[in-house]
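Scroll down for the structure; my scribbles are underneath it.
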Amino acid sequence: MSKIDISFRETVLKSDLPSVIQNAGEIGFDSLLDNGVLKDVPILSTMLAVGKTFGNVRDYFFAKKMIAFLRSISSLSEKERQKLIHLLDADEKFSKYAGEQIIELLSRIDSERKAVLVATALKLYAREEIDFLQLQRINYAIDRFMLCDAEEFRSFCAVTPEKFINEKIRRNSDVEATTVNFLSAGLGDINTGLGLFGMIFPNETARLFLRVLDEGLQ
C-alpha cells in the first residue's frame with residue numbers, strides 16, 4: 030500500500046476531520062501553508078512531501094477540490110467513515126489503490142462541485158445504498174459529465190419509451206448535442222427496438238447519477 034493510500038485512509042478516519050476541514054476553509058488557501066493547517070490533513074501533507082508545492086495554479090485548485098471533497102465526506106459519522114474504508118478494502122482489486130484512484134479522479138475533474146459529487150457517491154456506498162460496481166460507474170460519469178447540462182439531464186431521466194411514444198417526444202443523437210454528453214458519460218442507452226430505433230433513453234446508472242446530482246448539488 031502506497032503512502033498516498035495510507036494517508037488517504039488516515040484522513041478519512043480522523044476523529045476530528047469535521048473541525049480540521051472547517052478550519053482549513055476558514056483560513057483561506059493563500060494562508061494554508063503559513064498557518065500549518067495542511068499538516069493536520071494527512072493526504073494534503075503527503076502530497077506536499079511527494080512533490081506537490083501548491084505553488085502553481087494547478088496545485089492550488091487541486092487543494093480546493095480536495096478540501097471540498099473532505100468537507101462533504103466529513104458529514105459522515107466517524108463510524109460511517111470507518112465502514113467506508115472497510116468496504117473499500119473488502120474489494121481485492123481496489124483495496125490497495127483506493128486512495129490513489131480517488132486522488133487521481135479528483136485531479137482530473139474540473140470543479141469543486143464535482144469533488145462534492147465524488148464524496149456524495151462514496152457516502153451512498155458507505156451506507157450500502159449502492160454497490161461497488163455502481164460506484165465505479167457513477168465515478169466514470171462524474172469524470173465525463175458536463176455540469177452545464179444538469180437541468181437537461183433531469184428532463185432526460187424523466188422520459189421512458191412509453192412516455193416517448195405517447196407524447197411523441199423528438200429526441201435523436203444527431204440533433205441534440207446534450208445526448209452526446211449523456212452517452213459519453215455512460216448514462217444513456219441507444220434503443221434498437223422497432224419504432225424506437227436510434228432513440229436514446231436513460232439507463233440505471235443515469236437514475237443513480239441523478240440522485241448524486243440532487244444530493245450533492247442541493
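Add 29 to a position in the sequence shown, counting from 1, and you land on the number used in my numbering.
Note that beta-carbon positions come from the ideal geometry of N, C-alpha and C, so glycine has one too.
Just measuring C-alpha positions, the residue of L146, D34 and A179 sitting nearest L117 is D34. By the criterion of a C-beta distance shorter than 6 Å, Y169 is surrounded in its chain by G215, once the five residues flanking it on both sides are discounted. In this structure, the alpha-carbon of A92 lies about 7 Å from that of L73. Take the alpha-carbon of L146 and the one of V241: they are about 6 Å apart. In terms of CA proximity to R183, R236 leads the group L151, R236 and K152. Counting along the chain, G217 sits inside the beta strand (DSSP E) bounded by residues G217 to I219. The three-state reading of DSSP puts F230 in strand, counting E and B together. Put simply, the backbone Cα of G245 is about 16 Å away from that of T234. The residue among E181, D218 and C186 with its C-alpha nearest the C-alpha of T207 is E181. Cβ neighbours of T75 within its own chain (closer than 7 Å, five residues either side excluded): K32, I33 and S36.
With distances taken between CA atoms, I229 lies nearest to F211 out of S104, L239 and F211.
Taking the C-beta atoms as reference points, L42 is found nearer than 9 Å to Q111. Note on geometry: alpha-carbon atoms of F90 and A150 lie some 21 Å from one another. Proximity to S101 across I167, S140 and K152 peaks at K152, based on C-alpha coordinates. Secondary structure at L105: coil, using DSSP grouped into helix, strand and coil.
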